[in-house]
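Colleague:
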Amino acid sequence: MSFQILLNVFLAVIWMFLKNEFNGSTFIIGYVLGLGIMFVFRHFFNDRFYLNRVNAVVLLLLIFARELIFSNVSVLKVVLKPKLDMRPGIFAFETVLTKDWEITILSNLITLTPGTLVVEVSEDNRILYIHAMDIADKDEAVDSIKNTFEKAIMEVSK
Amino acid sequence: MTAIVEFLSALFLLMGVFLFLVSAFGIIRLPDVYTRNHAVSKSSTLGIMFILIGTLLYFYYKHSHFDFRVVLAIIFIFMTSPVAGHLINRSAYHSGVKMWDRSVQDDLKKNQ
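Heads up: the protein sequence lines correspond to chains V and A, in order. Following the numbering used here, the numbering of the first sequence begins with 186 at its first residue and continues without gaps. Following the numbering used here, the numbering of the second sequence begins with 11 at its first residue and continues without gaps.
1. With a threshold of 7 Å on Cβ separation, who are the neighbours of residue 47 (chain A) within its own chain once the five nearest residues in sequence on each side are excluded?
2. What's the C-alpha gap between residue 321 (chain V) and residue 272 (chain V)?
3. Secondary structure at residue 211 (chain V), three-state DSSP: helix, strand or coil?
4. Name the residues in the segment 281-301 of chain V whose C-beta lies less than 9 Å from a C-beta of chain A; which are they?
5. When the Cβ atoms of the segment 57-72 of chain A are set against those of the segment 20-29 of chain A, are three or more pairs found closer than 8 Å?
6. Looking at the strands, I want to know which residues DSSP matches up with residue 301 (chain V).
7. Since residue 305 (chain V) and residue 103 (chain A) should fall inside the 8 Å C-beta cutoff, what is the C-beta to C-beta distance between them, to a whole number of angstroms?
8. Compute the beta-carbon to beta-carbon distance between residue 223 (chain V) and residue 212 (chain V), rounded to the nearest angstrom, for a pair I have assumed lies under 8 Å.
9. Going by DSSP, what residue range makes up the beta strand (DSSP E) through residue 279 (chain V)?
10. Under 6 Å Cβ to Cβ from residue 219 (chain V), same chain only, skipping five residues before and after it: list those, please.
11. Along chain V, in chain order, which residues have C-beta atoms closer than 8 Å to that of residue 106 (chain A)?
12. Got a sec: is the Cβ-Cβ distance from residue 93 (chain A) to anything in chain V below 8 Å?
13. Excluding sequence positions up to five away, which residues of its chain have a Cβ less than 7 Å from the Cβ of residue 26 (chain A)?
14. Assuming contact is defined by CB atoms lying nearer than 8 Å, are residue 340 (chain V) and residue 291 (chain V) in contact in what I supplied?
15. Looking only at its chain, what residues have a beta carbon closer than 6 Å to the beta carbon of residue 255 (chain V), apart from the 5 residues adjacent to it on each side?
16. Residue 12 (chain A): which of A:71, A:42, A:101 sits nearest, CA to CA?
17. Using the beta-carbon of each residue, which ones in chain V are nearer than 7 Å to residue 45 (chain A)?
18. So, for residue 91 (chain A): in the same chain, excluding its five sequence neighbours on each side, which residues have a beta-carbon less than 7 Å away from its beta-carbon?
19. So who's on the other strand from residue 58 (chain A), going by DSSP bridges?
20. Below 8 Å CB to CB, which residues in the same chain sit around residue 207 (chain V) once its five sequence neighbours on both sides are set aside?
21. With 16 other CB atoms within 10 Å as the buried threshold, where does residue 246 (chain V) fall?
Right, here's the structure in full:
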């Protein structure tokens, strides 16, 4: 991936030399043109085209923002409810992710999910202990962690 | 156009302040450290982000001054605040803070 970005910068610099204009906007135009050339030749690289990964990262950031807003709404509901009738608890969640940074991002995402907060990661990095505001929402939370977050993170690291 | 931008930035600031208010209520009302942490780590993150976005909009439109340090602040708060919430919870658990007496499940205790 770093090779592809370097190549793209190189193409942009060549474009600046060809135009004989050395400023930011020419660089950006050259970068976009280089991106087009690299897109045409994407099957000749060993890795996958790096824009796919950039796409996945942007998608992950959007998921982050969405979860942040949803979780605020749910906290709002609990705090402003006249009666405190939730049943908190800690449940274990087994993750399929292995790398350290993946687990970091996953636990950050879980913390931002409505009603859940990571308390502890087990020694072997396989089980996350999650404190839930209301244990009745557990299945829903596990479902969204498995189907949305883990998939989005794997899309980045693949 | 000016009125719209002023209205938008005021709206962002007010929403941020409202979220702060809610998280303050949460600290007072909720029963134990774990549930209180829910209120703080979520509401105040979004609250401070809203306030910073409102500031950014206002100064960008009024004084055409786009301050990248505010963007940096938003990014860093976004990254660090969930980590802080997790660490507070973790250290509370390991120093033996009891959960609320109406808590129903504790898988972590079982596995230790």
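Backbone N, C-alpha and C fix where the C-beta goes; we use that ideal spot for every residue, glycine too.
Modeller: According to the structure shown:
1. 95, 98, 99
2. 8 Å
3. helix
4. For the segment 281-301 of chain V, residues whose beta-carbon sits nearer than 9 Å to a beta-carbon of chain A comprise 289, 292, 293, 294, 295, 296, 297, 299, 300, 301.
5. yes
6. V:317
7. 7 Å
8. Actually they are not in contact, since the Cβ atoms of residue 223 (chain V) and residue 212 (chain V) sit about 16 Å apart, beyond 8 Å.
9. Start and end: 274-279.
10. 193, 196, 197
11. Residues of chain V with a Cβ closer than 8 Å to the Cβ of residue 106 (chain A) do not exist; the shortest Cβ-Cβ separation is about 13 Å.
12. Answer yes: the Cβ-Cβ gap between residue 93 (chain A) and chain V drops below 8 Å somewhere.
13. 57, 58, 60, 61, 64
14. no
15. 299
16. A:71
17. Taking a Cβ-Cβ cut-off of 7 Å, the neighbours of residue 45 (chain A) in chain V comprise 273, 318, given in sequence order.
18. 51, 55
19. Answer by DSSP bridge pairing: none, since residue 58 (chain A) is not bridged.
20. Result list for residue 207 (chain V): 201, in chain order.
21. exposed
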